[in-house]
Amino acid sequence: MTVYMLCLVLFSIGLYCVLRKRNIIKIIIGICIMGYAVNLFFILIGYVKDGRSPIYAHDQAITKMVDPLPQVVVLTVIVLGLSITLLLISIAIRLYEKYGTFDITRINKLKG
Amino acid sequence: MIEIYLILIFMITAAIIAVVAKDLLSSIIAIGAVGIGLSLAFLVLKAPDLAIMQLVVEILSLIILIRATTRRDIPFSTSGRWVFNTVATLLFVSVFLTGAYIAIKFIPDFGSPLMRISRTYIAEGMTRTGAMNIVAAINLNYRALDTLGEATMMFAAIVGVLAVARKIGRKG
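Encoded structure:
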């Protein structure tokens, strides 16, 4: 319960960064933080108390395994998060070359 | 289970530093610290595949972010309705956290998940697919179409990056 709330506090820090900051790089950082929090939330939901990682071994002592399904989903999401970051940064670099600033309010006022 | 609390508090501290730092480069280094903390948290939560993947992805995105901020431009100006904007944002975040607190009561407790589908995967994964690692078995056998879609989306993202960042043939 407390762990879930700490994870959501991390998410809301990223949300504050996205909503409030004016620099594009800071907004990308906020999106990264939100992605981390969501990934961590999935893995926290799948954790079994005193479990072990979902890999078979010949001399296994503990029989309980953690849930492997969220791990598979998060494995996909991590790679897609990298590609999202790549696309955002390339758009940010292109905007900087066109307008000469990372400030979103000034980009909004210019036309072109 | 004290480690996960320590790692989460470390991650929250690093995230706050990343948000409030004036210098963009130190902000990016702080986000790298958050990513390394996430990798450690995956290790503690018994997900070693994810820890390796997160480490690699974190280093790659750190390099790309540093490339983007070599030309610096930090808007310090806080003109406009600063108080109103901050209060509205904080109000929205607190409403979100309250709603999440109410919603979290309905999911199972930490450490005792519902495992309806995964129970079958864990019981029969070894004999049916022959893979020692259940994550690899699900990823490449039970949910192979999911992985195909992931590869397609990666390809689409790379095509998008090339289309945005290409210099030859642009008309200004």
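Residue numbers (this note's numbering), protein chains in the order written: chain P, 1 to 112; chain X, 1001 to 1172.
A virtual CB, placed ideally from N, CA and C, is assigned to each residue, including glycine.
Residue state for P/Met65 is assigned as strand, using DSSP reduced to three classes.
Contact between the region 21 to 30 of chain P and the region 1088 to 1106 of chain X is absent: fewer than three C-beta pairs spanning the two stretches fall below 8 Å. At a cut-off of 8 Å between beta carbons, X/Asn1133 contacts chain P. Put simply, the CB of P/Val79 is near chain X, with a gap under 8 Å to one of its CB atoms. With 16 or more other CB atoms across the displayed protein chains lying within 10 angstroms of its CB, X/Asp1049 is buried. The beta carbon of P/Ile107 sits no closer than 8 Å to any beta carbon of chain X. Closer than 8 Å to the CB of X/Thr1086 there is at least one CB belonging to chain P.
Counting the other Cβ atoms within 10 Å of the Cβ of X/Pro1108 gives fewer than 16, which makes it exposed.
The beta carbon of P/Val38 does not come within 8 Å of any beta carbon belonging to chain X, so the residue lies off that interface.
Rounded to the nearest angstrom, the gap between the Cα atoms of P/Ile13 and X/Ala1015 is 7 Å. Collapsing the DSSP output to three states places P/Ile55 in a strand. No Cβ-Cβ contact shorter than 8 Å links P/Val74 with P/Ser53. Against chain P, the CB of X/Asp1109 has a partner CB under 8 Å away; the residue lies at that interface. CA-to-CA, the gap between X/Glu1150 and P/Tyr16 works out to about 29 Å.
Against chain X, a Cβ distance below 8 Å from P/Gln71 picks out Ala1047, Asp1049, Leu1050, Val1135. The three-state reading of DSSP puts P/Asp103 in strand, counting E and B together. At least one CB of chain X lies nearer than 8 Å to the CB of P/Asp67.
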